[in-house]
Amino acid sequence: MSLTAATVSMQNNLASAIERGRERISDSLTVRQDGFWWIIAIAIAVVIALGLFTAWFIYCRSQGGWPAVDMPAWERGGTWKMYCHS
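Here the sequence shown stands for residues 148 to 233, where the numbers follow my numbering.
Listed below in structure tokens is the structure:
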């Protein structure tokens, strides 16, 4: 292989390596566009949770009580209790 052919081959390989590096960097710097949908999903979940809490509050008030939540002891464990307290 002549010196000229080796130089041309090296330049072509270097150019293609630089181009592959640019593509890899541009792919990693691309901003994702699906973050918008997560905000909507979280907002819908919050609205549903507030609706359920409001329904529980209205139900307890119609029964003559107040909504109540009991947390189990840290040492014993157990389940949370949600009920209407008179």
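Glycine included, each C-beta is placed from N, C-alpha and C at the ideal position.
Using the C-alpha atoms, what's the distance from residue j back to residue i?
i: Gln210; j: Ile189; result: 32 angstroms
i: Leu161; j: Asp181; result: 36 angstroms
i: Trp203; j: Arg167; result: 59 angstroms
i: Arg171; j: Met157; result: 21 angstroms
i: Ile191; j: Phe183; result: 13 angstroms
i: Trp221; j: Ala196; result: 26 angstroms
i: Gly224; j: Val216; result: 15 angstroms
If distances are taken between C-alpha atoms only, which option among the options comes closest to residue i?
i: Trp213; options: Met229, Trp184 and Leu176; result: Met229
i: His232; options: Ile205, Ala196 and Ala220; result: Ile205
Run through the region 171–224 for me and flag every whole beta strand (DSSP E) of 3 or more residues, listed as ranges in chain order. The qualifying runs are 213–217.
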